[in-house]
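Notes for the one structure printed next.
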Amino acid sequence: VPPRLLALSVLLALGPSATAAKLNIPKVLLPFTRATRVNFTLEASEGCYRWSSTRPEVASIEPLGPDEQQCSQKAVVQARLSQPARLTSIIFAEDITTGQVLRCDAIVDLIHGIQIVSTTRELYLEDSPLELKIQALDSEGNTFSTLAGLVFDWTIVKDTEASGFSDSHNALRCHLPGTVSWSFSDFHDLDTCEDYSPAVLENVPHFRILTFLESTYTPPSYISEMEKAAKQGDTILVSGMKTGSSKLKARIQEAVYKNVRPAEVRLLILENILLNPAYDVYLMVGTSIRYKVQKIRQGKIT
């Protein structure tokens with residue numbers, strides 16, 4: 001076989017894996033913890049790899065589902081640092097066929113601050129729930145790659161800064177007392193405030209925290225495991241119960257982070273109101289159209 005044809009056949013046999021294989025992330029930032037082990041899954045785009053860590057006492061690496069050749073396309077990197085510090089371990093993945101080596105820097109550091117992120121800060125009564133997630137930052141403002149398995153305490157508190165707005169907004173339906181705070185497990189079975197007596201309504205928050213087990217949504221697997229153990233993770237759902245605004249507060253339960261300031265976000269709950277007709281209307285001068293205001297209650301338009 002001519003040399004050129006032989007070289008071409010080798011390249012075709014190897015395919016794009018010889019040059020295009022890559023890891024899903026070049027650097028991973030993991031939080032230092034003592035009570036919980038935080039994991040992150042590394043995955044190569046193709047091929048089968050043997051994995052290693054230059055400093056396993058900082059970040060270990062464990063193949064996922066290795067085959068008979070002791071190689072795998074995925075591996076779990078885990079923060080192992082025993083003392084609070086910022087240290088780095090280099091993770092290597094070597095393709096057993098081509099010898100190509102992929103690299104990922106695994107950095108372990110302390111959490112300096114947390115914040116709550118979401119797609120919106122407004123909810124509608126009897127609408128789909130809102131997902132909120134914790135984002136953690138180091139001292140330089142870098143975002144941690146994952147908080148999987150880290151336990152948080154989520155609490156609903158009264159929004160004292162917007163009490164005037166809340167009172168007027170709820171005048172026709174509900175009244176919120178002056179000084180009340182709620183834990184995530186309170187009012188677990190309530191629906192909307194119209195279904196309960198005034199005495200009960202005095203202590204009903206504007207929204208409640210749902211577990212994913214109660215909902216029709218699929219969470220990450222670690223959240224499901226935490227909920228089964230009655231723990232709260234970095235991701236939750238909230239559902240509106242009555243109009244107005246309240247705050248949602250989250251703090252890290254891990255003792256080493258007792259001085260990290262809790263994250264807080266204000267959520268506004270609105271009536272689920274529609275205008276009928278809901279489409280654009282074009283009128284000639286001197287003409288008019290009558291609109292109808294409708295509310296969505298228990299899945300029905302009233």
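Here the sequence shown stands for residues 1 to 302, numbered as in full-length UniProt numbering. Cβ atoms here follow ideal geometry from the backbone N, Cα and C, with glycine treated the same way.
Look at A106 and A59 and say whether their C-beta atoms are less than 8 Å apart. yes
Suppose only complete runs of 3+ residues qualify. What are the beta strand (DSSP E) ranges in the region 58-88, listed by chain order? 59-64, 74-79
So what's Y124 in DSSP terms, helix, strand or just coil? strand
Looking at the strands, I want to know which residues DSSP matches up with T41. V76
Pop quiz: residue 310 and L237 are said to be a contact at Cβ under 8 Å. What is the actual Cβ separation, rounded to whole angstroms? Lying before the first or after the last residue shown, residue 310 is absent from the chain, which here runs from 1 to 302.
DSSP three-state label for Y49, please. strand
In DSSP terms, what K228 is bridged to: Per DSSP, none; premise fails for K228.
Does A255 come out as helix, strand or coil in the three-state DSSP assignment? helix
Starting from the C-beta of M226, find all residues in its chain whose C-beta is less than 8 Å away, skip the five residues before and the five after it, and write them out in chain order. G149, V151, Q232, G233
Are the region 87-104 and the region 137-148 in contact at 8 Å, needing three or more beta carbon pairs? no
Chain-order list of residues whose beta-carbon lies under 7 Å from that of K295 (same chain, five-residue window excluded): E271, N272, I273, T302
C-alpha gap between R103 and K22, whole angstroms: 9 Å
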